[in-house]
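Line by line, the protein sequences are chains A and B.
Just so we're aligned, residue 1 is where the first sequence starts under the working numbering, counting upward by one.
Just so we're aligned, residue 1001 is where the second sequence starts under the working numbering, counting upward by one.
No residue lacks a Cβ here, since even glycine has one placed at the ideal position from N, Cα and C.
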Amino acid sequence: MESKRLIFTLHRVAGASDEERLAVLTEVSQRLDKLIASKLLPISSELTGQDPWEYRRAYSPGLQELIEAMTFLEFLSTGRLLSLSGGVRDRLPSGLLVSQFDYLLGVCDLSGELMRLALNAAAKADFDTPERVLAFLQKLLGCCETVPDRGPDWFPKDFAGKLETMRQSVEKVETVCYQQCLRCIEESNIQLPVVTH
Amino acid sequence: ASPATDSNATGIEAEFQLYLNQLAADLATVESVKATAAELTKLAQLPLQALRCIHRSCDTNSISKAIDEARAALQPSIDLLAKLGQQMPAGTYYKYHQLWREPVQQLCMAVTFISFLESDRLLSLEDAASQLGMAGDSDGGGGSTLHLDLEDYLFGLLLLASELARLSVNAVTAGRPDLPRRVADFARHLEAGFRLLNFKNDALRRRYDGLKYDMRKIEEVLYDVTVRKLE
Chain A
1 MESKRLIFTL
11 HRVAGASDEE
21 RLAVLTEVSQ
31 RLDKLIASKL
41 LPISSELTGQ
51 DPWEYRRAYS
61 PGLQELIEAM
71 TFLEFLSTGR
81 LLSLSGGVRD
91 RLPSGLLVSQ
101 FDYLLGVCDL
111 SGELMRLALN
121 AAAKADFDTP
131 ERVLAFLQKL
141 LGCCETVPDR
151 GPDWFPKDFA
161 GKLETMRQSV
171 EKVETVCYQQ
181 CLRCIEESNI
191 QLPVVTH
Chain B
1001 ASPATDSNAT
1011 GIEAEFQLYL
1021 NQLAADLATV
1031 ESVKATAAEL
1041 TKLAQLPLQA
1051 LRCIHRSCDT
1061 NSISKAIDEA
1071 RAALQPSIDL
1081 LAKLGQQMPA
1091 GTYYKYHQLW
1101 REPVQQLCMA
1111 VTFISFLESD
1121 RLLSLEDAAS
1131 QLGMAGDSDG
1141 GGGSTLHLDL
1151 EDYLFGLLLL
1161 ASELARLSVN
1171 AVTAGRPDLP
1181 RRVADFARHL
1191 EAGFRLLNFK
1201 NDALRRRYDG
1211 LKYDMRKIEE
1221 VLYDVTVRKL
1231 E
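What follows is the structure, encoded as structure tokens:
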């Protein structure tokens, strides 16, 4: 739940000034730390000594949402993809199992948020953000497409569906950038009316 | 028990033993075909990955580079297809067909995409098959050799149509407003061809239904480009 609120807060960055941006990003980062400390640390200590895969299904959805928030924050701060080993696992309690699948699914959901970010930015006449998002997403989609969408029982069944959603998100951003491009061309071609007497 | 009943019982056991042996052999083949098919599915992505770079940069150099990379990436798939052909006993093509249809369709899409990019030409089924090291549909010879099924070829073409619709949009964004017309001309011929076909109510037909949305996108992009005189 809190992760969803964090994501919502991060969306406010679109069209904001540089100081506002910094303020929001810092705030979210702090709230993220608090969230990890308050919710995930207890889980991880409960699970010490247990087989991590046994209880994974209980906290997996929440974890994916959190990863979505973390990667979103990272993209807005640095434009880069937060990595699993360096970024995500470092910030979370070490006893907690963060599997590649949780990361993968979280990243898929991220594409939806980035799509929303791009669309909102375009609506606010921010043309820079959609382009950056597009470059990022196309690369991300290309890589996700190399992951087999089917596997053994414990392979997430919703991956194929999320991949399809990601494709649609990318297409929406592509359309937005396309329309922007057309508009730019139109505007540069507009002749100012010449007033003659 | 009378001798007659005994021999009946042994007869049934022997019968079932025969089935069990055949089943075991069959399952063994299925497992090995499945393993190769899984490998093929992975490899079949690579040429497409190379080609999809075009959506970001489609100047002439980038396109040639992408085509070269895609061609190189095709070779492992072609080799694996040959291996697949050997794993299936003669006359069992359609028995295991479902296991490896998907990667074949994607490979078909890759080679037809390359043909469009290089020469705006629609690669025929025979040519596509020979590029992939398979026999064409007509010389199936009763389904004994590994051949390119007509439906898989058609499915590949429909996949290509969707990819081209996406390319149309990105070509304008990437500074190639001349591409949408080439795509539109190609796609119109493709659609005309498909309209001649009679489909049964299966996956191919459902995929074909999506073609009209791809066509609409392609026509819209062409309209946008033409009306602004961008070509």
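Proximity winner among the options, relative to residue i (alpha-carbon distances)
i, options, result
"A/Arg89", "A/Ile36, A/Lys157, A/Asn189", "A/Ile36"
"A/Lys112", "A/Leu96, A/Gly161, A/Lys124", "The amino acid at residue 112 of chain A is misidentified as Lys; the sequence shows Gly. Residue A/Gly161 is the option with its Cα nearest to A/Gly112."
"B/Met947", "B/Ala1203, B/Leu1020, B/Arg1166", "The structure shown has nothing for residue 947 of chain B, since chain B only spans 1001 to 1231."
"B/Arg1101", "B/Leu1204, B/Lys1065, B/Leu1211, B/Arg1188", "B/Leu1204"
"A/Val98", "A/Leu117, A/Pro61, A/Leu32, A/Phe127", "A/Pro61"
"B/Asp963", "B/Tyr1153, B/Pro1103, B/Leu1190, B/Leu1117", "An answer regarding residue 963 of chain B cannot be provided, because it is not within the stretch 1001 to 1231 covered by chain B."
"A/His126", "A/Arg5, A/Cys177, A/Leu163, A/Glu187", "This sequence places Asp at residue 126 of chain A; His is not what is there. That would be A/Cys177, whose Cα lies nearest to the Cα of A/Asp126."
"B/Lys1229", "B/Asn1021, B/Asp1209, B/Pro1180", "B/Pro1180"
"A/Tyr103", "A/Ser77, A/Pro130, A/Leu66, A/Leu114", "A/Leu66"
"B/Ser1168", "B/Ala1014, B/Asp1224, B/Ser1119", "B/Asp1224"
"B/Ala1037", "B/Ala1050, B/Pro1103, B/Gln1022, B/Cys1053", "B/Pro1103"
"A/Pro130", "A/Met115, A/Glu27, A/Cys143, A/Asp109", "A/Met115"
"B/Gly1107", "B/Leu1117, B/Val1221, B/Leu1148, B/Val1033", "One detail in the question is off: residue 1107 of chain B reads as Leu in this sequence, not Gly. Residue B/Leu1148 is the option with its Cα nearest to B/Leu1107."
"A/Gln100", "A/Glu174, A/Glu187, A/Glu27, A/Val147", "A/Val147"
"B/Lys1034", "B/Lys1083, B/Ile1067, B/Glu1069", "B/Lys1083"
"B/His1055", "B/Gly1175, B/Leu1074, B/Asp1120, B/Ala1014", "B/Gly1175"
"A/Cys143", "A/Glu187, A/Leu182, A/Leu163", "A/Leu163"
"B/Gly1133", "B/Gln1075, B/Lys1200, B/Leu1117", "B/Gln1075"
"A/Arg5", "A/Gly87, A/Ala69, A/Ala23, A/Glu174", "A/Ala69"
"B/Leu1160", "B/Ala1066, B/Met1088, B/Phe1186", "B/Phe1186"
"A/Asp109", "A/Gln138, A/Asp33, A/Phe72", "A/Phe72"
"A/Gly79", "A/Thr175, A/Leu182, A/Val133", "A/Val133"
"B/Ala979", "B/Gln1086, B/Pro1089, B/Met1088, B/Val1111", "In the structure as shown, chain B starts at 1001 and stops at 1231, and residue 979 of chain B therefore has no counterpart that could be examined."
"B/Lys1042", "A/Thr175, A/Cys184, A/Glu145", "A/Glu145"
Neighbouring residues, chain A, relative to residue i (Cβ below 7 Å)
i, result
"B/Val1169", "Glu174, Thr175, Tyr178"
Partner residues on chain A for residue i, Cβ-Cβ distance less than 9 Å
i, result
"B/Gln1105", "The contacting residues do not exist; B/Gln1105 stays about 15 Å from chain A at best."
"B/Thr1226", "Neighbours of B/Thr1226 on chain A: none; closest Cβ ~12 Å, over 9 Å."
"B/Leu1230", "Leu182, Ile185"
"B/Val1183", "Chain A residues near B/Val1183: none, gap ~14 Å exceeds 9 Å."
Amino acids of chain B, ordered along the chain, whose beta-carbon sits closer than 8 Å to that of residue i
i, result
"A/Pro148", "Ala1038, Thr1041, Lys1042"
Proximal residues of chain B, C-beta to C-beta of residue i below 9 Å
i, result
"A/Glu171", "Arg1166, Val1169"
"A/Glu145", "Gln1045, Leu1048, Gln1049, Arg1052"
Three-state class that DSSP yields for residue i in the structure shown
i, result
"B/Ala1135", "strand"
"B/Asn1201", "coil"
"B/Gly1140", "Per-residue confidence for B/Gly1140 stands at a pLDDT of 49, beneath the threshold of 50, marking its modelled position as unreliable; the derived number appears in the next sentence. Looking at B/Gly1140 - three-state DSSP - the assignment turns out to be helix."
"A/Glu145", "coil"
"B/Lys1042", "helix"
"B/Thr1092", "coil"
"B/Ser1057", "coil"
"A/Phe127", "coil"
"A/Arg80", "coil"
"B/Lys1229", "coil"
"A/Cys184", "helix"
"A/Lys157", "coil"
"B/Ala1184", "helix"
Contact list for residue i against chain A, beta-carbon separation under 8 Å
i, result
"B/Arg1056", "Ala135, Gln138"
"B/Val1172", "Tyr178, Cys181, Leu182"
For residue i, the residue or residues it bridges with in DSSP
i, result
"B/His1147", "B/Ala1135"
Residue i: contacting residues in chain B (beta-carbon distance under 7 Å)
i, result
"A/Gly142", "Gln1049, Arg1052"
Any non-hydrogen atom of the ligand MN closer than 8 Å to residue i Cβ
i, result
"A/Ala23", "For the ligand MN, the structure offers nothing, since it holds no ligand at all."
Does the count of Cβ pairs from the region 1086-1096 of chain B and the region 1038-1058 of chain B closer than 8 Å reach three? They do not touch, by the three-pair rule.
Cβ pair count under 8 Å reaching 3, the region 1017-1024 of chain B against the region 1063-1081 of chain B: Result no; under three Cβ-Cβ pairs closer than 8 Å.
State whether the region 1181-1192 of chain B contacts the region 1060-1071 of chain B, with contact taken as three or more CB pairs (one from each stretch) at a distance under 8 Å. Contact fails: fewer than three Cβ-Cβ distances are below 8 Å.
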